[in-house]
Amino acid sequence: MKLADGVIHFFHKQSFLIVTTIDDKGRPHASCKGLIDIDKDGKLYLLDLYRERTHDNLEHSKQISVTAVDEHRFRGYCLKGTAQKLRQRGLSPNIVRAWNKRITGRITQRIVKNVQGQKGHSRHPEILLPEPKYIIAVDVKEVVNLTPHMLKE
179 MKLADGVIHF FHKQSFLIVT TIDDKGRPHA SCKGLIDIDK DGKLYLLDLY
229 RERTHDNLEH SKQISVTAVD EHRFRGYCLK GTAQKLRQRG LSPNIVRAWN
279 KRITGRITQR IVKNVQGQKG HSRHPEILLP EPKYIIAVDV KEVVNLTPHM
329 LKE
């Protein structure tokens, strides 16, 4: 599925995404994940650092949804599709570079906000994140615009 430039740009601006998978009892599980990259061809790459519930759920069902919202602008999207787990050894250098750039940007934003006197976490949690073992590659099949109809441009 081809993704509109506006959707791609929206997802790139998000600091985290809500990922929903289905467990072995058919119940939804939501968790926060970091975006590595998203492209026009409907491919979305996410980082899953902890290999816990999301990892296990993808063993049972490849169905996934990825949601991002901008509360201030009252906009959002939900991307629905199928997921595949890619091992770190098989990751392309572009994906690794994209993740490193994303983490560096997050650390930089946190430092700038701390210097500006904005309260936040006293440590830099991004530095404490474990090294990725695999990523989630999502093949987007459907885009749901969560923006209320009266606010769509």
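Using our numbering, the first residue of the sequence shown is number 179, and each one after it goes up by one.
Even glycine gets a Cβ: it sits at the ideal position worked out from N, Cα and C.
These numbers come from a predicted model, not from an experiment.
Report task. Leaving out five residues on either side along the sequence, give the residues of the same chain with a beta carbon under 8 Å from the beta carbon of R280. Result -> Only residues of its own chain outside the window of five on either side were considered, and among them G212, L213, I214 have a CB closer than 8 Å to the CB of R280, listed in chain order.
**Report entry** Range covered by the beta strand (DSSP E) that runs through L236
**Finding:** Taken as a continuous stretch (DSSP letters only), L236 belongs to no beta strand (DSSP E), being part of the alpha helix (DSSP H) at 231-238.
Query raised in the report: Does the segment 190-204 come close enough to the segment 229-242 that 3 or more CB-CB pairs lie under 8 Å?
Result: Touching, per the Cβ criterion.
Query raised in the report: Okay, do the segment 219-228 and the segment 313-326 touch, 3+ Cβ pairs below 8 Å being the bar?
Result: Judged by Cβ distances under 8 Å, the segment 219-228 makes contact with the segment 313-326, as three or more pairs qualify.
Query - Integer-rounded CB distance, given that L181 should sit under 8 Å from V322 - result: A Cβ-Cβ distance of about 13 Å is found for the pair V322 and L181, leaving them out of contact under the 8 Å criterion.
Query raised in the report: DSSP puts L306 in a beta bridge; with which residues?
Result: DSSP output for L306 lists no bridge partner at all.
Query raised in the report: Rounded to a whole number of angstroms, what is the C-alpha to C-alpha distance between D217 and I186?
Result: Between D217 and I186, the C-alpha separation is close to 7 Å.
Query raised in the report: Can you tell which of T260, I285, G254, S270 has the C-alpha that lies nearest to the C-alpha of G184?
Result: In this structure, G254 is the residue among T260, I285, G254, S270 with its C-alpha nearest to the C-alpha of G184.
Query raised in the report: Taking the alpha-carbon positions, what's the R335 to V274 distance?
Result: Lying before the first or after the last residue shown, residue 335 is absent from the chain, which here runs from 179 to 331.
Query raised in the report: T260 bridges to which residues according to DSSP?
Result: In DSSP, T260 forms a bridge with Q241, D317.
**Report entry** Presumed contact (8 Å Cβ cut-off) between K258 and K319, rounded CB distance
**Finding:** So it is a contact: roughly 6 Å between Cβ atoms.
Requested in this report: Confirm, please, whether the CB-CB distance from K240 to A261 is below 8 Å.
Outcome: Yes, they are a contact pair.
**Report entry** Local Cβ density within 10 Å of V290, reported as buried at 16 or more and exposed below that
**Finding:** Around the C-beta of V290, fewer than 16 other C-beta atoms lie within 10 Å, and the residue is accordingly described as exposed.
Requested in this report: Mark V244 as exposed unless 16 or more other C-beta atoms lie within 10 angstroms of its C-beta, in which case mark it buried.
Outcome: By the neighbour-count rule (16 or more Cβ atoms within 10 Å), V244 is buried.
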